[in-house]
Ligand SMILES: NC(=O)c1ccc[n+]([C@@H]2O[C@H](COP(=O)([O-])OP(=O)(O)OC[C@H]3O[C@@H](n4cnc5c(N)ncnc54)[C@H](OP(=O)(O)O)[C@@H]3O)[C@@H](O)[C@H]2O)c1
């Protein structure tokens, strides 16, 4: 067997098991050697020939050995929720990563961040405020970098669109916060991975917002979800305050369905980002995904009824 030219080396921090990481592995696995550091082994990564480094980004004291010979770092590690106490060690670990990448001269650094949010969240919410500390450290470093800031992602096993569909399918009703006239522009996780590839190939220092192909009015999107399920759209209306109260209660009962900050972010109408420009092929629309997921759910329901 002839060996091809050596593959460029990618250090994926926080990959493998997560939504974005899975798609980065699928996108880069063909022609990159991926070293993936995270906590839980992933069968998908093993099947794709990824070199798994079992580790917690919080506790990596010296990143330099992991960065040796690395052409590109992609950081996806983050938690969806938690206190300052939870986020601080991860933040410090990731700040050490940025400093080490800068010191050893990693050629390119792609950091996955999040869109702008209301000022109160930017200041007070550990999820957001500490994410911004990492964003700023990347910007203030000497690295060649892209900070990629996608809005809501969709893909099989995502934690938002598929959960919304499942809820509608089960209860035939869905909460509608206020009038639903705020916006979302969902983007496929597979498109995000293609965007990361494109951003990885650039040589500038930039911060880029990433929206999907269509800026939906939220209520039109939820109507489209009901339609995909073959159900008439039915809502139980909630005021903004009511929505926050309900989510707070769910959160405190241990639900991971939706968090208060996500409701506040949605209602702030800051998530309808314009479409990312630059990919060769068009961004994937959400409708075929809704149809596929809905068909899967309806199949499951029939099978469940035996
Ligand atoms: N999902 C979205 O809609 C969305 C939208 C905008 C931006 N983002 C951003 O995209 C990134 C990835 O999000 P995601 O939805 O893919 O998250 P996810 O599904 O929760 O995955 C997070 C990944 O990070 C790893 N991880 C978490 N803590 C770690 C630690 N301490 N050390 C090492 N690895 C750790 C996890 O793997 P292990 O459990 O194996 O460690 C997992 O693979 C995040 O930065 C998020 O803010 C996501």
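Numbering (the working numbering), first residue to last: 1421 to 1726. Just so it is clear, CB atoms sit at the ideal spot from N, CA and C, and this is done for glycine as well. On a predicted model such as this, the values are computed, not experimentally measured, just so you know.
What would DSSP say about residue i, mapped onto helix, strand or coil?
i: residue 1718; result: helix
i: residue 1641; result: helix
i: residue 1495; result: strand
i: residue 1589; result: helix
i: residue 1483; result: coil
i: residue 1693; result: coil
i: residue 1631; result: strand
i: residue 1575; result: coil
i: residue 1725; result: Residue placement at residue 1725 is poorly supported in this model, since its pLDDT is 41, which falls under 50; the coordinates still yield a value, given next. Helix.
i: residue 1687; result: helix
i: residue 1471; result: strand
Can you tell me which of the options puts its alpha carbon nearest to the alpha carbon of residue i?
i: residue 1441; options: 1425, 1428, 1630, 1462; result: 1462
i: residue 1566; options: 1490, 1604, 1624, 1469; result: 1624
i: residue 1639; options: 1595, 1706, 1601; result: 1601
i: residue 1594; options: 1475, 1488, 1654; result: 1654
i: residue 1468; options: 1660, 1717, 1611, 1437; result: 1437
i: residue 1424; options: 1541, 1453, 1506, 1431; result: 1453
i: residue 1546; options: 1504, 1529, 1557, 1619; result: 1504
i: residue 1691; options: 1587, 1615, 1682; result: 1682
i: residue 1528; options: 1718, 1431, 1641, 1647; result: 1431
Closer than 7 Å to a non-hydrogen atom of ligand 1 - does that hold for the CB of residue i?
i: residue 1437; result: yes
i: residue 1649; result: no
i: residue 1572; result: yes
i: residue 1655; result: no
i: residue 1734; result: Only positions 1421 to 1726 of the chain appear in this structure, which leaves residue 1734 out of reach.
i: residue 1497; result: yes
i: residue 1477; result: yes
i: residue 1660; result: no
i: residue 1434; result: yes
Leaving out five residues before and five after residue i in sequence, what residues of the same chain have Cβ atoms less than 7 Å from its Cβ?
i: residue 1580; result: 1572
i: residue 1511; result: 1550, 1553, 1554
i: residue 1509; result: 1478
Taking 8 Å as the limit between beta carbons, can you name the residues of its chain near residue i, skipping five residues before and five after?
i: residue 1555; result: 1531, 1533, 1567, 1627
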